[in-house]
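Asker: Have a look at this one before I ask anything.
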Amino acid sequence: MKAAVFFDIDGTLWNYEKYIPDSAREGIKKLRENGHLAFICSGRARAFIQDKNLLSLGFDGIVCSCGCHVEINGDVLYEKVIAKDFAKKTVEMIRSYGFRPILEGPKKIYMDDDEFDHNDYFGNVLRRDLGPDLVTVGGDYYGDWVINKMSCATDVAADKRLECFDRLSKYYSIIAHNDDVCELVPAGHSKATGMMKVCELVGIDPANTYAFGDSENDIDMLQAAHVGIAMGNGTDRAKAAADYVTTAFDEDGIYNGLKHFGLI
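The end of the sequence shown is residue 250 by our numbering, with every number in the run present.
Rendered as structure tokens:
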């Protein structure tokens, strides 16, 4: 019976140095040869999924921006874009609390360079990987952004952070990775909703879904899939949400997980 398998990127398919184990490549190849479908399912925006080595693994589609963008065989079949006026109000409000935003869209990522110094890891990864698709929040682009979601540096006092989150909670799902970093995803969207949208579009029974992930923004996907598989290098909360814990991503975790469930 045909299954759909959804893969997070960071900490699952590769690490932050973009190392992909050969076993992951072989596992996805065998998975598709066996007639199953393979999808990226990432918190990254589409503008931040461009790496040719990653895409050469062979995927039937991409779910990204935590379910706000769904494409199958290169065709965009669903897109949630935050209204420009509302995005501007959000940016102004979160900055009043000291948050530093990165705005994430299908074509561009917006970041003000002076808000993220060269000791900031995520800022450096964006600088390294995006080239001309990394542009400023301000200047000529201000208020004219095309975005699906936001990420924020939230290294402010806890009471201010929680007050801001409370004001945002009606409009956004807030994924707090730790005290210093969060994602703001339009309410009603998640990796899980993106996964279910794919099932609807390609005619896969949700009972035939598998998901691989490692971190906080994978929890809903791991719980919604018929079988959620956490990486051995994953967070404790991701592992607790999963049905099965495979080995670490660099210890053949993808291959071993696919093998365990008879998908390869």
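A virtual CB, placed ideally from N, CA and C, is assigned to each residue, including glycine.
Does the Cβ-Cβ distance between Phe235 and Pro7 come in under 9 Å?
Answerer: Contact: yes.
Asker: Using the C-alpha atoms, what's the distance from Glu202 back to Val231?
Answerer: Val231 and Glu202: Cα-Cα distance of roughly 15 Å.
Asker: Can you tell me whether Tyr107 is buried or exposed, with buried defined as 16 or more other CB within 10 angstroms of its CB?
Answerer: Per the 10 Å Cβ criterion, exposed.
Asker: What does the alpha-carbon distance come out to for the pair Gly29 and Ile35?
Answerer: So the alpha carbons of these two residues sit roughly 10 Å apart.
Asker: Quick one: residues in its chain with C-beta nearer than 6 Å to the C-beta of Gly214, no 5 flanking neighbours on either side, listed in chain order?
Answerer: Hits under 6 Å: Ala197, Leu208, Ala228 and Asp229.
Asker: Below 6 Å CB to CB, which residues in the same chain sit around Leu23 once its five sequence neighbours on both sides are set aside?
Answerer: Closer than 6 Å at Cβ, skipping near neighbours: Ala(-10) and Asp46.
Asker: Would Ile80 pass as a contact of Leu112 if the rule is Cβ separation under 9 Å?
Answerer: No, the pair does not count as a contact, with Cβ atoms beyond the cut-off.
Asker: Using a Cβ-Cβ cutoff of less than 8 Å, which residues in the same chain neighbour Lys245 once the five nearest sequence positions on both sides are dropped?
Answerer: Cβ neighbours of Lys245 beyond the five flanking positions: Gly13.
Asker: Which residues share a DSSP beta bridge with Ile214?
Answerer: It should be noted that the sequence gives Gly, not Ile, for residue 214. In the DSSP output, where bridge partners are listed per residue, Gly214 has Ala197.
Asker: Any idea which residues DSSP pairs Pro192 with across the strands?
Answerer: BP columns for Pro192 are empty, so no partner.
Asker: Residues in the same chain with beta-carbon distance under 8 Å from Arg153, minus the five sequence neighbours each way, listed in chain order, please.
Answerer: Answer for Arg153: Met79, listed in chain order.
Asker: Around the Cβ of His55, are there at least 16 other Cβ atoms within 10 angstroms (buried) or fewer (exposed)?
Answerer: With 16 or more Cβ atoms within 10 Å of its Cβ, His55 is classed as buried.
Asker: In whole angstroms, give me the CA-to-CA distance for Val188 and Ile58.
Answerer: Those two C-alpha atoms are separated by around 9 Å.
Asker: What is the rounded straight-line gap between the Cα of Tyr158 and the Cα of Ser137?
Answerer: Distance between the alpha carbons of Tyr158 and Ser137: 12 Å.
Asker: Report buried or exposed for Glu19, applying the criterion of at least 16 other Cβ atoms within 10 angstroms of its Cβ.
Answerer: Result: exposed.
Asker: Grab me the residues of Asp238's own chain with a C-beta within less than 7 Å of its C-beta, minus the 5 sequence neighbours each way, in chain order.
Answerer: Same-chain partners within the cutoff: Pro7 and Ser9.
Asker: So with Cβ pairs under 9 Å, would you call Lys94 a contact of chain C?
Answerer: Annotation note: the requested chain C is absent from the structure, which comprises a single protein chain.
Asker: Rounded to a whole number of angstroms, what is the C-alpha to C-alpha distance between Gly174 and Glu90?
Answerer: So the two alpha carbons sit approximately 17 Å from each other.
Asker: Are the beta-carbon atoms of Ile26 and Leu63 separated by less than 9 Å?
Answerer: Taking 9 Å as the Cβ cut-off, Ile26 and Leu63 do not qualify as a contacting pair.
Asker: Buried or exposed: Asp204, going by 16 or more other Cβ atoms within 10 Å of its Cβ?
Answerer: With 16 or more other Cβ atoms within 10 Å, it is buried.
Asker: Should Lys146 and Ile68 be called a contact, given that it needs their Cβ atoms to be closer than 9 Å?
Answerer: Not a contact, by the Cβ cut-off of 9 Å.
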